[in-house]
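Peer 1:
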Amino acid sequence: MSFKSRFSYLQSFKLNKTANVTASVSKLINSKELITTIDRMLDTESRHFKSVFGFHPKIKPSSIIEAGRGVYVEGVVENGEIVALYPGLVYTPGEPMFFVSLNNHYILRCFDGYSIDAKANGLSGMLYKSHYNRLKIPTPVATTKWMNLDNTHPLYIGHLINNGISGHTSNVRYQEININPNHFKNLHLIPNIHGSLDWNAHQDIRRIVCIVATRKIENEELFSTYYEKIQ
Numbered sequence: 185m186s187f188k189s190r191f192s193y194l195q196s197f198k199l200n201k202t203a204n205v206t207a208s209v210s211k212l213i214n215s216k217e218l219i220t221t222i223d224r225m226l227d228t229e230s231r232h233f234k235s236v237f238g239f240h241p242k243i244k245p246s247s248i249i250e251a252g253r254g255v256y257v258e259g260v261v262e263n264g265e266i267v268a269l270y271p272g273l274v275y276t277p278g279e280p281m282f283f284v285s286l287n288n289h290y291i292l293r294c295f296d297g298y299s300i301d302a303k304a305n306g307l308s309g310m311l312y313k314s315h316y317n318r319l320k321i322p323t324p325v326a327t328t329k330w331m332n333l334d335n336t337h338p339l340y341i342g343h344l345i346n347n348g349i350s351g352h353t354s355n356v357r358y359q360e361i362n363i364n365p366n367h368f369k370n371l372h373l374i375p376n377i378h379g380s381l382d383w384n385a386h387q388d389i390r391r392i393v394c395i396v397a398t399r400k401i402e403n404e405e406l407f408s409t410y411y412e413k414i415q
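Numbering (our numbering), first residue to last: 185 to 415.
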């Protein structure tokens, strides 16, 4: 048994040594019910989100000193419910990421070697927008709305969830999901696109990562774990 950082190896040494490490293991799942729920959540406007789902993720100053922003839940989330998505450009195993990884604290690694870069500015932001513009004709197949936090959807802020530390234990985990474009209504609302030039948004599987509650959460800040147990 070993523990593996979900973040880029260039960033993982910077993580707080007191980080709470959970024993949860994220495995790739293809639950039709879960995918239908994500589709429905994305299709719900921000102003109606809490009345429909009973909670609303919000960006506020974190309760962790000097951590900057954090994500809070207003309302109640039950154990196993989706609270957010991790936005950004998806890289398949082996794709070059050296330059985008420099000074980048928003690269999330999936258990099977996929990575998602959620940095909205700099080179990362330019690459996401470039692929978005390349793929949006004749119709958009993703969204850039997550890149503007002043006008974003409640689910698009998963990359701002802080790592749990001593006294602030993790209450959410990451869950990888593959989306079949033929079984998803609102492709244009997904905050992820693949960076491969041969990726077809209308035919090929799309990787997303959702953030799932590991217990009941009520009017609290969300904390993830950047380390997960690999069996």
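Don't be surprised by glycine CBs; every beta carbon is placed ideally from N, CA and C.
(1) Using CA coordinates, which residue listed in K329, Y316, L292 and E405 is at the minimum distance from L381?
(2) Just to confirm, is the Cβ distance from R253 to L344 under 8 Å?
(3) Is the closest heavy atom of the ligand NAD to the C-beta of M281 under 7 Å?
(4) Counting only the same chain and skipping the five closest in sequence on each side, list residues whose C-beta sits under 6 Å from that of R390.
(5) Pull the bridge partners of I363 from the DSSP assignment, please.
(6) Whole angstroms is fine: what's the gap from V274's alpha carbon to Q387's?
(7) Should D334 go down as buried or exposed, given a rule of 16 or more other Cβ atoms within 10 Å for buried?
(8) Pull up the distance between the alpha-carbon of A326 and that of L406, whole angstroms please.
(9) In whole angstroms, give me the CA-to-CA distance for G297 and R231.
(10) Of the choices P245, I248 and V267, whose alpha-carbon is the least far from that of P338?
(11) Can you list, in chain order, the residues of its chain whose CB lies under 8 Å from that of S408, leaving out five sequence neighbours each side?
(12) Taking the continuous alpha helix (DSSP H) assigned at Y290, which residues delimit it?
(13) Might you give, ordered along the chain, the residues of its own chain that have their beta carbon closer than 7 Å to the beta carbon of F239, omitting 5 neighbours on each side?
(14) Alpha carbon to alpha carbon, how far is K313 from E360?
(15) Please report the residue range of the beta strand (DSSP E) in which S299 lies.
(16) Out of curiosity, what's the CA-to-CA distance linking N305 and G351?
(17) Quick check on V236: does DSSP put it in helix, strand or coil?
(18) Going by C-alpha to C-alpha distance, which of E265, K234 and E404 sits closest to T398?
(19) Run the CB neighbour count on H367, radius 10 Å, all protein chains shown included, and call it buried at 16 or more, exposed below.
(20) Is N403 helix, strand or coil when you go by DSSP?
(21) Could you give the uninterrupted runs of the beta strand (DSSP E) lying entirely in the region 315 to 371, keeping only those of 3 residues or more?
(22) By the 10 Å Cβ neighbour count, where 16 or more other Cβ atoms means buried, how is I291 classified, buried or exposed?
(23) Identify which residue in L218, I219 and S308 has its Cα closest to the Cα of P280.
(24) Give the single residue among K320, H289 and R293 whose Cα lies nearest to the Cα of I374.
Peer 2: Judging by the given coordinates:
(1) Minimum Cα distance to L381 is reached at Y316.
(2) Yes; because the gap between Cβ atoms is below 8 Å, this pair is in contact.
(3) The ligand NAD is not part of the structure shown, which contains no ligands of any sort.
(4) I363.
(5) Beta-bridge pairing links I363 to R390.
(6) Going from the Cα of V274 to the Cα of Q387 covers about 16 Å.
(7) Residue environment for D334: exposed (fewer than 16 other C-beta atoms within 10 angstroms of its C-beta).
(8) Their backbone Cα atoms lie some 26 Å apart in a straight line.
(9) The alpha-carbon of G297 is positioned some 36 Å away from that of R231.
(10) Closest by alpha carbon: V267.
(11) Cβ neighbours of S408 beyond the five flanking positions: I345, N346, N347, G348, S354, V356, R357, Y358 and I395.
(12) According to the DSSP assignment, Y290 belongs to no alpha helix (DSSP H), since it is labelled neither H nor E.
(13) V257, E258, G259, V260 and V261, listed in sequence order.
(14) Whole-angstrom Cα-Cα distance: 23 Å.
(15) Its beta strand (DSSP E) spans residues S299 to D301.
(16) Distance between the alpha carbons of N305 and G351 is about 32 Å.
(17) In the three-state scheme derived from DSSP, where H, G and I count as helix and E and B as strand, V236 is classed as helix.
(18) For T398, the nearest C-alpha among the options comes from E265.
(19) A residue is called buried when at least 16 other Cβ atoms come within 10 angstroms of its Cβ; H367 does not meet this threshold and is exposed.
(20) In this structure, N403 counts as coil in the three-state DSSP scheme.
(21) Those beta strand (DSSP E) runs which fall completely within the region 315 to 371 and span 3+ residues are 356 to 363.
(22) By the 16-neighbour rule on beta-carbons within 10 angstroms, I291 is buried.
(23) Among L218, I219 and S308, the Cα nearest to that of P280 belongs to S308.
(24) Put simply, of K320, H289 and R293 the residue whose alpha carbon is nearest the alpha carbon of I374 is K320.
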